[in-house]
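Asker: I'd like to ask some things about the structure below.
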Amino acid sequence: MRALLGLSRKIDAFNTLVGRWLSWLIVVAVVISSANAIIRKLFDVSSNSFLELQWVLFSIVFLLCSPWTLLSNEHIRIDIINHTLPLKLRGWIDMIGHVFFLMPFAIILLWWSIPFFLVSYRQNEQSFSAGGLPQWPAKSLIMIACVLLIIQGISEIIKRAAMLAGTIPDSNAKQSNQHAAELEAERLVMHISGDKP
4 MRALLGLSRK IDAFNTLVGR WLSWLIVVAV VISSANAIIR KLFDVSSNSF
54 LELQWVLFSI VFLLCSPWTL LSNEHIRIDI INHTLPLKLR GWIDMIGHVF
104 FLMPFAIILL WWSIPFFLVS YRQNEQSFSA GGLPQWPAKS LIMIACVLLI
154 IQGISEIIKR AAMLAGTIPD SNAKQSNQHA AELEAERLVM HISGDKP
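When the sequence shown is numbered by my numbering, its final residue is 200 and no position is left out of the sequence of numbers.
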């Protein structure tokens with residue numbers, strides 16, 4: 004288990020590095036979007052390349068930062084129900100979700116995205132808009148995201164198995180403490196404002 008946890012730490016470190024660096028592309032997209040809008044209004048000039056570059060940058064962030072989001076345990080879940088469940092049950096739900104839903108989905112999506120990308124690459128598919136960007140680099144993002152998501156899924160499965168075996172502390176315990184603190188803060192605000200909980 005120690006070797007697997009070492010692998011998990013390396014995967015986590017890699018996806019954290021990818022996520023932190025690529026999240027800065029949001030700033031680049033905002034600058035490009037702002038510059039494009041200003042140039043369009045002041046000089047009545049527009050560029051399809053800049054418009055398409057914005058959505059490519061957003062796609063990079065959305066797709067390639069999703070494994071980092073999974074690592075951070077920030078994906079959407081039904082918190083109202085999740086926080087009421089015992090920690091061990093939450094661990095099992097996470098494990099089942101990763102093994103039976105996340106991994107098959109990512110593997111199937113990877114399987115289907117390879118020919119999707121290859122056809123585009125072989126044809127050197129270009130944008131439908133005049134002056135737009137090539138399409139195949141953007142389509143390659145789906146494959147890359149799936150690979151990163153699969154390796155992060157493996158890391159999450161390793162960590163959940165270790166948590167359920169009692170080898171490492173349960174990461175859901177920290178979230179339970181955060182949730183309890185949020186509820187306490189909400190009660191305090193209601194008390195100060197005069198509303199009864």
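Virtual Cβ for every residue (Gly too), placed ideally from N, Cα, C.
Let's test the definition: count the other Cβ atoms within 10 Å of the Cβ of N76 and tell me whether it reaches 16, buried, or not, exposed.
Answerer: Exposed, by the Cβ-count rule.
Asker: Please name the residue or residues paired with Q129 in a DSSP beta bridge.
Answerer: Beta-bridge pairing links Q129 to P137.
Asker: Going by DSSP, what residue range makes up the alpha helix (DSSP H) through G9?
Answerer: That run of the alpha helix (DSSP H) goes R5 to L25.
Asker: Counting only the same chain and skipping the five closest in sequence on each side, list residues whose C-beta sits under 8 angstroms from that of L8.
Answerer: Only I161, K162, A165, T170 and I171 meet the Cβ criterion.
Asker: Can you tell me which of L144, S196 and M193 puts its alpha carbon nearest to the alpha carbon of L60?
Answerer: Out of L144, S196 and M193, L144 has the C-alpha closest to the C-alpha of L60.
Asker: Report the residue from A141, L136 and L105 whose alpha carbon sits nearest the alpha carbon of I157.
Answerer: Cα-wise, what sits closest to I157 is L105.
Asker: Can you tell me which of the three DSSP states E77 falls into?
Answerer: Coil, per DSSP.
Asker: Run the CB neighbour count on S132, radius 10 Å, all protein chains shown included, and call it buried at 16 or more, exposed below.
Answerer: The residue is exposed, with fewer than 16 neighbouring Cβ atoms inside 10 Å.
Asker: Within 10 Å of its beta-carbon, does E159 have 16 or more other beta-carbons around it, so buried, or fewer, so exposed?
Answerer: Buried, because 16 or more other Cβ atoms sit within 10 Å of the Cβ of E159.
Asker: Start and end of the alpha helix (DSSP H) containing F209?
Answerer: In the structure displayed, the chain extends from 4 to 200; residue 209 sits before or after that span and is not available.
Asker: Is the segment 23 to 30 touching the segment 64 to 78 in the sense that three or more CB pairs, one from each, lie closer than 8 angstroms?
Answerer: Yes, they touch.
Asker: Determine the closest residue to L10 out of E128, R190, Q155 and S174, with distance taken between C-alpha atoms.
Answerer: Nearest of E128, R190, Q155 and S174 to L10, Cα basis: Q155.
Asker: Mind reading off the beta-carbon distance from L191 to C149? Whole number of angstroms is fine, and I expect it under 8 angstroms.
Answerer: With a Cβ gap of about 44 angstroms, L191 and C149 do not count as contacting.
Asker: Which residue marks the beginning of the alpha helix (DSSP H) containing G94, and which one marks its end?
Answerer: Unbroken alpha helix (DSSP H) run through G94: L90 to G100.
Asker: Near Y124, which residues of its chain fall below 7 angstroms by C-beta distance, leaving aside the five closest residues on each side in sequence?
Answerer: Taken in chain order, the residues that qualify are W139.
Asker: Can you grab the Cα-Cα spacing for the pair R110 / V31, in whole Å?
Answerer: The amino acid occupying residue 110 in the given sequence is Ile; Arg does not appear at that position. When rounded, the distance between both Cα atoms is 31 angstroms.
Asker: Start and end of the alpha helix (DSSP H) containing F46?
Answerer: Segment L28 to F46, the alpha helix (DSSP H) holding F46.
Asker: For F119 versus K91, is the C-beta spacing smaller than 9 angstroms?
Answerer: No, Cβ-Cβ distance for F119 and K91 is not below 9 angstroms.
Asker: What is the rounded straight-line gap between the Cα of A16 and the Cα of I153?
Answerer: Roughly 15 angstroms separates the two Cα atoms.
Asker: Closer than 6 angstroms by C-beta to G134: which residues in its own chain qualify, once you throw out the five before and the five after it? Chain order, please.
Answerer: So the qualifying residues of the chain are N51 and S52.
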